[in-house]
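Novice: Protein chains in written order, with my numbering: chain R, 399 to 688; chain A, 5 to 361; chain D, 44 to 276; chain C, 10 to 270; chain L, 7 to 325.
I'd like to ask you about the structure that follows.
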Ligand SMILES: Nc1ncnc2c1ncn2[C@@H]1O[C@H](COP(=O)(O)OP(=O)(O)OP(=O)(O)O)[C@@H](O)[C@H]1O
Ligand SMILES: Nc1ncnc2c1ncn2[C@@H]1O[C@H](COP(=O)(O)OP(=O)(O)OP(=O)(O)O)[C@@H](O)[C@H]1O
Ligand SMILES: [Mg+2]
Ligand SMILES: [Mg+2]
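Structure (structure tokens):
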């Protein structure tokens, strides 16, 4: 059984990475119904900026804080300069804008930094922790903890605070949101800042495991997107569960079936789940009467 | 002015390889021009970034030939891009020096096509030779599913029998995967396994190495030439990378080469120039571009002409040219011109490279 | 209280309002009647800031509103129950009401909500259900209740009686009337011209983007042209 | 035989029995109205009859054939069409195209014919277009034909929906609050339209809160409250029914509607 | 009165552009870019039908391009089929797979459909790169020559390879556009646009919504497959990249950038994204930055896509 345990721990590690990325999607989605395809770039920026600040001699926590702040600012800029001006555009147009933004951010990053792979040391060393005959790196625990903390924070935000409700209201009916006095522009700014910050935090946490480079964002965004859809878009619970499940499917498939087709199996499972539950595991079934 | 064309994957999934190639080409052309050019003419480099997309590579190759009217093409960072450039070079009769690994590029020999890197088959052979010396007969293999990993995997499977070695576990990982412990757990659990070989490039091998140490597999780990750069040790972590062996070029160990080594001067010069110019460490891949350009320039010089056909013939008669990868001697039957001796078996010790033997 | 001067507004190339002048005094109930497509909804959207204006002025409590974004107009006291109801379908009934009082965080919110529930008991029954599941008429009640939660000094109602059962239509007009006691000014757009003119102080008639008649409600109610064109009598 | 008959139809949402054991029938040329307070289950009833919701119990029969839970397009083929309380307009099309869509069943042929633009396909399109223009004229939207549907006012959209529903070779027409958002005069025009359609032999099921209209044109009225049928009969009888007055009409409304008629 | 319909105008403009621009080509390379544009255009037309008309998003259409491409590569080698028939076989295969996959997938909506189709595309590209014994793996496989160019030579029409593929792909694009334009204004096209507007209303007027969506999916898959075949045949070499999700996203971007609901617009979008990388080579390092910038700016200022937005402004001022 230590093999199974190892597969599970591996799945949990990778799953937590996906979950963190997926959680980043939820806020912007909840505020605007847009899946922000630049979310992976936020993760990448979190990692890259930390790397370069750290290499420049800053202590790691400070480097990470700077990375998160800068990325949040970039998120706000993205909203102000690109998403905001396109207000009222069809959702597909907004998606293309976010894809354009992701290409743009990638391009700038490769100019400002470089195209190499990077990594900074794990927060609490590399000595594996033994659990039931299997091992896990301490950094994985950081990632898992990060995912759980972000999840709890988001869950509280959306269920317990009026601001959280204002975010939901903005995506549900922007017009009505304005009528009840919600400054929808501000909501969007807030959402982008939070999403970007969560993305950057994810980047800070996962870089010691996944390494980082200017083009790391695409793959992560794709997996995070898939995880979010599996769980049900917009629901923090879905993002967390979807991410972890996706990681577990991959690890178990790689362990027991075929490492070549592990991504394929993961997608087949997603397809099967969506077939039975078209809104994902926890997606809200929006009621629209006719 | 002599126009030389290049299309490399400076961005995209193979930018790890293509970026140093692009930088090397730019740097060397500048260097050569500063030193008076070739045959009294200045070189002009037309460089495109195909992003690793074979379709784009073909378009750029067409552009180089038809629009820029270059006399030769360097490039094709990956096997995929190379293979789609080949028809263009053959059709329009322009010599083409590829920077990709697969043996199919030059076997069978194509009239206009050459390449500088060792074939991945040679890397396999070098590794298996070393394993044989250590009396290893059962190994586990883990490879990336990208072109590099898959192609090397295929070649290794093809030649492994020649060395009396058996593959008892065979696993893969995606190029962007974050954790390979399940695959390594399976390899570790395979009956009788004595060593593990990882064919791959990019972040995969670093993560494999880290996971390998996390799982305390405790068997010799071989990496491919795909990770042959100083960066690898930093990414994998010196502790995890300790004892990892891989077939590398002289370039990686420029500092510790014996003084009499024929390559010492060339690799030291290139390494110093590159690192001064770009501020980042040299990698084997930049070395491929270095060699390609030097082969080309040497050929143009000997041909005394910048006619594509003349250049091609001169490339084919390259002899004893000292490059970073090895000493190149081509012939009509051999458009690579390297043998196994060009590879050195390296081992990571105390966070640095050492030469085994 | 509210003065509109020479208001024009367009959808792309097509002008929907060709210079509207009207005024509402504080505490007054004013109604606008007009045929389909006359521009009533467009006018209300201009007032609440959802629709850009191309010329003219809106002066509300002595201040020009033209450049005030929609979300700030509620702060000034202008609330709207819009056409098409525009409720938050994915949120619960209670959340809809709470968002109606988004600007306030005092005890009065709870009291206002109780009042709303008293006015429309069905909303209380459904308070925890998604608003999107409500019947058409229930959604209409929610839209009106939500507008009231914003504590308006001036209430813009776009066809509030639409889709309501007769018993409730009467109640809605009673609610409108009761606004008079609360010193809330009301601008009421209604297809039920009879009902609207019955409760209003004054009325305007709108035709194809222009005001064509105005006067005290009782006079309009008696005007044969109106009786023929809008009351069907 | 009645054209449409509903037997013991019921459905629940969560714990709420939105419609419970409702039965009635509609004959050709007849106008049957369903009235009841807000949330009584009228729209839900429509949704079950027209195949949007799957009933939990009971049967829907169309010309004697049981069609319970059939998909809407199968019902459309059998001659049922409807309008919606919450407008369902094809916003991305012109007014004319919206109306042409109503003729879908008549104009549709093979996809290949459409892809290749065969004369047959074009002829069918032309015929449908002619029919659609006629219908638009009938509901007073002839001038708006080329506009994008999204640009119409609410009342105009309401009429566009009716036009679209009339396009089919309809045998049973379900109208959910067709006069909402229309003033008394406009309502009367819709009245005439409905009466005309009924006179041509179509069975009409109508939900409407405008009592003047309902009383004027219905042959038969079914009253729902809390999902249950509480009364049924001809307009005069229903209007006098104390349960109906208490639950739905209200005393004042009663007076008002007498006062101005 | 001589008044051309939108359909005739579009086809005429397109045909003129294809025929006339070669007179301005300074070198054969431009034929290559032109033919790539047409190849992309063909695939994008499929997206127009699926996304522009029917409103269904697919992020997996490159999967069908991959099937078309590999059919052209493998059927001649393994089945001895003529490449032209291999392309047809690819289209048939794509249609069949689309039919099977489309049924479950198309029940999903919006982003859920997007992720499901994305998964499908990834599955295809994975099979193509993992089953190396058949497909040559990630490094790709060579494709047989179509032979049409040689045949033309026999009748005295001598064309260089880029020239031949330019006109051949141009012709294919014209045919594709003609079909798509026919569809737009046909009963089926209207029904597709209707279900885009409201599925419920569409079904109450008799539209068999699931079936029609499936038809659109199959048709668009055939377009993608044809595009893949053309690419494989002209490159004579194909790698699994053709089926990769980047290619899928690129196709959707082309369509939306130019205007997903408009045939000419989408082709314009294909043109821009095909030409842009060639133009941007002068910016070398800044290429990505510029590409991202262009995408954002177009969508911000011309939100319905280039062509529809420009037309709207144009007619807006004209009237
Ligand atoms: N979004 C829009 N785009 C373009 N034109 C519009 C739009 N909305 C309304 N219009 C046009 O503006 C005019 C006024 O419409 P409006 O909705 O204000 O009328 P209304 O008086 O509220 O009618 P109703 O009683 O039917 O609701 C109409 O001619 C309508 O066609
Ligand atoms: N999809 C649904 N989800 C939850 N509740 C529903 C749903 N559909 C209907 N209901 C409930 O069923 C009841 C009946 O609703 P329905 O829309 O049929 O009423 P109605 O008679 O048409 O009312 P109105 O006159 O206001 O349109 C309501 O209480 C409503 O909340
Ligand atoms: Mg209105
Ligand atoms: Mg209803």
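Every residue gets a Cβ at the ideal spot worked out from N, C-alpha and C, and that includes glycine.
Buried or exposed: where does residue 123 (chain C) fall if 16 or more other Cβ atoms within 10 Å of its Cβ makes it buried?
Specialist: Residue 123 (chain C) sits at position 114 when you count from the first residue of the fourth chain. Buried is the call here.
Novice: With a threshold of 7 Å (Cβ to nearest heavy atom), would residue 543 (chain R) be considered close to ligand 6?
Specialist: This structure simply doesn't include ligand 6; it includes ligand 1, ligand 2, ligand 3 and ligand 4 instead.
Novice: Between the stretch 234 to 243 of chain C and the stretch 17 to 32 of chain C, are three or more C-beta pairs nearer than 8 Å?
Specialist: A contact exists between the stretch 234 to 243 of chain C and the stretch 17 to 32 of chain C.
Novice: Using only the heavy atoms of ligand 3, determine whether one of them is closer than 7 Å to the beta carbon of residue 162 (chain C).
Specialist: Counting from one through the fourth chain, the residue named residue 162 (chain C) turns up at place 153. Because some heavy atom of ligand 3 lies under 7 Å away, the Cβ of residue 162 (chain C) counts as near it: yes.
Novice: Quickly, what does DSSP pair residue 212 (chain C) with across the bridge? List them, please.
Specialist: Taking the fourth chain and counting its residues from 1, one reaches residue 212 (chain C) at position 203. According to DSSP, residue 212 (chain C) bridges with C:181.
Novice: Near residue 318 (chain A), what residues of its chain come up, given a Cβ to Cβ distance below 6 Å and the 5 sequence neighbours on each side ignored?
Specialist: The residue given as residue 318 (chain A) occupies position 314 in the second chain. For residue 318 (chain A), where only same-chain residues beyond five positions count, the Cβ hits under 6 Å are 303, 306, 307.
Novice: Between the alpha carbons of residue 324 (chain A) and residue 224 (chain A), how many angstroms are there, rounded?
Specialist: By 1-based counting over the second chain, the position of residue 324 (chain A) is 320. By 1-based counting over the second chain, the position of residue 224 (chain A) is 220. Those two C-alpha atoms are separated by around 35 Å.
Novice: Taking 7 Å as the cut-off, is the C-beta of residue 48 (chain C) nearer than that to any heavy atom in ligand 2?
Specialist: By one-based count along the fourth chain, residue 48 (chain C) stands at place 39. Yes, since a heavy atom of ligand 2 falls inside the 7 Å radius drawn around the Cβ of residue 48 (chain C).
Novice: Cα separation between residue 189 (chain A) and residue 35 (chain L)?
Specialist: Position 185 of the second chain, counted from the first residue, corresponds to residue 189 (chain A). Position 29 of the fifth chain, counted from the first residue, corresponds to residue 35 (chain L). Answer to the nearest angstrom: the Cα atoms are 52 Å apart.
Novice: Which bits of chain R does residue 187 (chain A) rub up against, with CB to CB less than 7 Å?
Specialist: Here the question's residue 187 (chain A) lines up with position 183 in the second chain. Within chain R, the residues near residue 187 (chain A) are 652, 657.
Novice: Starting from residue 133 (chain A), follow the alpha helix (DSSP H) in both directions and report where the run begins and ends.
Specialist: Your numbering for residue 133 (chain A) matches position 129 in the second chain. Its alpha helix (DSSP H) spans residues 124 to 137.
Novice: With DSSP run on the structure shown, which of helix, strand or coil describes residue 197 (chain D)?
Specialist: Against the third chain, residue 197 (chain D) aligns to sequence position 154. Three-state result, residue 197 (chain D): strand.
Novice: How about residue 161 (chain C) and residue 108 (chain C): do their beta carbons lie closer than 8 Å?
Specialist: On the fourth chain, position 152 is the one that residue 161 (chain C) refers to. On the fourth chain, position 99 is the one that residue 108 (chain C) refers to. Cβ atoms of residue 161 (chain C) and residue 108 (chain C): not closer than 8 Å.
Novice: May I have a chain-ordered list of the alpha helix (DSSP H) segments no shorter than 4 residues that lie completely inside the stretch 240 to 301 of chain A?
Specialist: 242 to 245, 268 to 282
Novice: According to the Cβ coordinates, are residue 92 (chain C) and residue 184 (chain C) closer than 8 Å?
Specialist: For the purposes of this step, residue 92 (chain C) is taken as residue 83 along the fourth chain, with counting starting at 1. For the purposes of this step, residue 184 (chain C) is taken as residue 175 along the fourth chain, with counting starting at 1. It is a contact, given that the beta carbons lie within the stated cut-off.
Novice: Would the stretch 135 to 148 of chain A and the stretch 111 to 121 of chain A be scored as touching if the rule is three or more Cβ pairs under 8 Å?
Specialist: Short answer: they don't touch.
Novice: Rounded to whole angstroms, what's the CA-CA distance from residue 620 (chain R) to residue 438 (chain R)? Just pull it up for me.
Specialist: If you number the first chain from 1, residue 620 (chain R) lands on position 222. If you number the first chain from 1, residue 438 (chain R) lands on position 40. Straight-line Cα distance between these residues: approximately 8 Å.
Novice: On the three-state DSSP scale, how would you describe residue 52 (chain D)?
Specialist: Counting from one through the third chain, the residue named residue 52 (chain D) turns up at place 9. DSSP places residue 52 (chain D) in strand when its eight states are reduced to three.
Novice: Is residue 11 (chain L) close to chain C? Criterion is C-beta to C-beta, closer than 8 Å.
Specialist: For this step, residue 11 (chain L) is matched to residue 5 along the fifth chain. For residue 11 (chain L), the answer is no, since every Cβ of chain C falls outside 8 Å of its Cβ.
Novice: With a floor of 3 residues, list each beta strand (DSSP E) that falls wholly inside the stretch 12 to 39 of chain C, ordered by position along the chain.
Specialist: DSSP runs (the beta strand (DSSP E)) wholly in the stretch 12 to 39 of chain C: 13 to 22, 25 to 35.
Novice: Using only the alpha-carbon positions, how far apart do residue 558 (chain R) and residue 424 (chain R) sit?
Specialist: As a working note, residue 558 (chain R) is residue 160 in the first chain. As a working note, residue 424 (chain R) is residue 26 in the first chain. Spanning the two alpha carbons is a distance of roughly 16 Å.
Novice: Using a Cβ-Cβ cut-off of less than 8 Å, list which residues of the stretch 284 to 303 of chain L approach chain A; keep chain order.
Specialist: 284, 287, 290, 293, 294
Novice: Quick one: does the C-beta of residue 448 (chain R) sit closer than 7 Å to a heavy atom of ligand 3?
Specialist: Taking the first chain and counting its residues from 1, one reaches residue 448 (chain R) at position 50. False, no ligand heavy atom lies under 7 Å from that Cβ.
Novice: Excluding the 5 residues preceding and the 5 following residue 351 (chain A) in the sequence, name in chain order all residues of the same chain whose CB lies nearer than 6 Å to its CB.
Specialist: Taking the first residue of the second chain as position 1, residue 351 (chain A) is located at position 347. The answer, listed in chain order, is 249, 358, 360.
Novice: Just to confirm the assignment: which complete alpha helix (DSSP H) runs, minimum length 4, are found wholly within the stretch 309 to 345 of chain A?
Specialist: 312 to 320
Novice: Kindly indicate which residue of L:187, L:288, L:301, L:251 has the alpha-carbon position closest to the one of residue 54 (chain L).
Specialist: As a position in the fifth chain, residue 54 (chain L) is number 48, starting the count at 1. Taking only the C-alpha atoms, the option nearest residue 54 (chain L) is L:187.
Novice: Taking only beta-carbon positions, decide if residue 453 (chain R) is within less than 8 Å of chain A.
Specialist: The residue given as residue 453 (chain R) occupies position 55 in the first chain. Not closer than 8 Å to any Cβ of chain A, the Cβ of residue 453 (chain R) fails to qualify, so no.
Novice: How big is the Cα-Cα spacing for residue 119 (chain L) and residue 431 (chain R)?
Specialist: Mapped onto the fifth chain, residue 119 (chain L) falls at position 113. Mapped onto the first chain, residue 431 (chain R) falls at position 33. Near 15 Å, if we compare the C-alpha coordinates of residue 431 (chain R) and residue 119 (chain L).
Novice: For residue 67 (chain C), which residues in the same chain have their Cβ closer than 6 Å to its Cβ, ignoring the five residues on either side in sequence?
Specialist: Taking the fourth chain and counting its residues from 1, the one referred to as residue 67 (chain C) is at position 58. Within the same chain, residue 67 (chain C) has close Cβ partners 16, 17, 18, 19.
Novice: Please classify residue 270 (chain C) as buried or exposed, where buried requires at least 16 neighbouring CB atoms within 10 angstroms.
Specialist: As a first step, residue 270 (chain C) is located in the fourth chain; it is residue number 261 there, counting from the start. Residue placement at residue 270 (chain C) is poorly supported in this model, since its pLDDT is 37, which falls under 50; the coordinates still yield a value, given next. Its Cβ having fewer than 16 others within 10 Å, residue 270 (chain C) is exposed.
Novice: Can you list the residues of chain R that residue 61 (chain C) reaches, using a CB-CB cut of under 7 Å?
Specialist: Mapped onto the fourth chain, residue 61 (chain C) falls at position 52. Those within 7 Å of residue 61 (chain C) in chain R are 688.
Novice: Compute the distance between the beta-carbons of residue 348 (chain L) and residue 296 (chain L), then report whether it is under 8 Å.
Specialist: The structure shown has nothing for residue 348 (chain L), since chain L only spans 7 to 325.
Novice: Indicate the three-state DSSP secondary structure (helix, strand or coil) for residue 107 (chain D) in the structure shown.
Specialist: For the purposes of this step, residue 107 (chain D) is taken as residue 64 along the third chain, with counting starting at 1. Strand, per DSSP.
Novice: Answer with yes or no whether the minimum CB distance from residue 138 (chain D) to chain R is below 8 Å.
Specialist: Locating residue 138 (chain D) in the third chain gives position 95, counting from the first residue. Yes, residue 138 (chain D) lies at the interface with chain R (some Cβ there is under 8 Å from its Cβ).
Novice: Using 8 Å for Cβ pairs, my map puts residue 234 (chain D) next to residue 47 (chain C). What's the rounded Cβ distance?
Specialist: Residue numbering aside, residue 234 (chain D) sits at position 191 when the third chain is read from its first letter. Residue numbering aside, residue 47 (chain C) sits at position 38 when the fourth chain is read from its first letter. About 17 Å; that fails the 8 Å criterion.
Novice: What in chain C is Cβ-close to residue 199 (chain L), meaning under 8 Å?
Specialist: The residue given as residue 199 (chain L) occupies position 193 in the fifth chain. Per Cβ cutoff of 8 Å: 99, 101, 102, 106.
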